Amino acid sequence: SEKAALIARLCRREQPLFQLLVAEKTGDDRNRRFVQDFKTLADVLIQEVIKHDLGKEFPELQGHIHGEESNEFSNGQGETVTVRVCATPGDTAALLLSVLEPARDAAELLAAAVHQDVALGDAELAGMALRVPPGDLAIWIDPIDSTNEYIRGREDVVPVDGIAPGGLRSALVLIGAYDRQTGVPVLGVINEPFFRRDPLTRRWQGRYHWGVAYGDTHLCSLSPPPLRPAPRVVLSRAEGAAVRGALGPLCGDHLRFAAGAGYKMLCVILGL
């Protein structure tokens, strides 16, 4: 997820390039909830990077790693390119160049990010002994949840009680593993690529959270939040008056709004 977050930030930093990386969803890919829903090269590339890296590390998972996005991307010439991670950075750059032509530097920059090794300095993870047979699991990826907010790229959204109503904060990388036979979730990762801006460089910094529930093992990178005296509800601004009216008596003036299913769930997990 950390490599995915790096790619998401990289694509947003290259603003002139980012405008070229948008392809409107059509046909079976269309999201009925939004009239203008988009997939980006970042979306597809992140998904394929996670598929590639997990499949390489755990061959038993190959063929059982699923994602929300089609890995076909239409370039500016109307050609359909199947995005994937190639054997070498040069080959991946050449593939990406077929989408990004003539932005060779951008293609090479992305390819370098795709093939780099990302080291995690997570002491708790390093000390965790968890024996989960990879052959029993399958993976689901949402490479950039709240893609609409990611594309719009609003950076100045002011949080309300710690909850961002929209903007880049709500764009997350979501990865989950589940039992192939039962469908029961086993572990999950939520990565926030745009958690905060560095006050000196003004570049975005991220953070991630993880949880495991397998057999007798129940671990999480977060501590349970303190209980609130009154419930707080977070929902989409698109929800109708009937839903808002039904929730009003339950939470009073503690009704908050946010974009993205993943971000709403994260708000609940964090106890915001």
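Mapping to this note's numbering: the sequence shown position 28 is 28, numbers consecutive.
Glycine included, C-beta positions come from ideal geometry on N, C-alpha and C.
Computed from a prediction, not measured in an experiment: that's the story for all the values here.
How about residue i and residue j: do their beta carbons lie closer than 8 Å?
{"i": "A273", "j": "A164", "result": "Only positions 1 to 272 of the chain appear in the structure, and residue 273 is not among them; the question remains open."}
{"i": "I139", "j": "A171", "result": "no"}
{"i": "I46", "j": "V157", "result": "no"}
{"i": "L6", "j": "A113", "result": "yes"}
{"i": "V212", "j": "L187", "result": "yes"}
{"i": "E48", "j": "V83", "result": "yes"}
Mind checking who residue i pairs with in its DSSP beta bridge?
{"i": "I141", "result": "G67, I175"}
{"i": "L61", "result": "Paired residues: none, contrary to the question."}
{"i": "Q205", "result": "R196"}
{"i": "A113", "result": "The partner list for A113 (beta bridge, DSSP) is empty, contrary to what the question assumes."}
{"i": "L10", "result": "None, per the DSSP bridge assignment."}
{"i": "N148", "result": "DSSP lists no partner for N148."}
{"i": "R256", "result": "V234"}
{"i": "Y214", "result": "T217"}
{"i": "I46", "result": "Looking at the DSSP assignment, I46 forms no beta bridge with any residue, so it has no partner."}
So residue i and residue j are in contact, right, with Cβ under 8 Å, and what is the actual spacing, rounded?
{"i": "T80", "j": "E68", "result": "19 Å between Cβ atoms; not a contact."}
{"i": "V118", "j": "K3", "result": "5 Å"}
{"i": "E149", "j": "G162", "result": "Not a contact, Cβ separation roughly 17 Å."}
{"i": "P89", "j": "A111", "result": "5 Å"}
{"i": "L137", "j": "A177", "result": "5 Å"}
{"i": "L247", "j": "L255", "result": "6 Å"}
{"i": "T40", "j": "I151", "result": "6 Å"}
{"i": "G260", "j": "S146", "result": "3 Å"}
{"i": "R169", "j": "F194", "result": "6 Å"}
Out of the options, point me to the one whose CA is closest to residue i's CA.
{"i": "L270", "options": "D136, A42, E155, W210", "result": "W210"}
{"i": "T201", "options": "V132, R13, A4", "result": "R13"}
{"i": "E57", "options": "S98, G135, Y150", "result": "G135"}
{"i": "G262", "options": "I141, R232, H66, L41", "result": "I141"}
{"i": "R9", "options": "V132, R207, P59, L130", "result": "R207"}
{"i": "Y214", "options": "T182, D198, R244, N191", "result": "T182"}
{"i": "L130", "options": "Y178, L219, A242", "result": "L219"}
{"i": "S1", "options": "H254, A246, I175, R244", "result": "I175"}
{"i": "E124", "options": "L222, K264, D253, E48", "result": "L222"}
{"i": "Q77", "options": "S70, H64, L97", "result": "L97"}
{"i": "L227", "options": "R196, A241, V268, L235", "result": "V268"}
{"i": "R180", "options": "Q62, D53, C11", "result": "Q62"}
{"i": "T217", "options": "D198, L54, P185", "result": "P185"}
Given the structure, does residue i come close to the ligand ZN, in the sense that its CB is under 7 Å from one of the ligand's heavy atoms?
{"i": "M265", "result": "Looking at this structure, you won't find the ligand ZN or any other ligand, since it has none at all."}
Considering just the uninterrupted stretch of the alpha helix (DSSP H) at residue i, what are its terminal residues?
{"i": "V268", "result": "261–270"}
{"i": "V99", "result": "89–100"}
{"i": "G78", "result": "That residue, G78, is in no alpha helix (DSSP H); it is neither H nor E in DSSP."}
{"i": "R299", "result": "This structure gives no information on residue 299, because the portion of the chain shown stretches from 1 to 272."}
Just curious, the beta strand (DSSP E) that residue i is in, first and last residue?
{"i": "V83", "result": "Run containing V83: none; DSSP gives neither H nor E here."}
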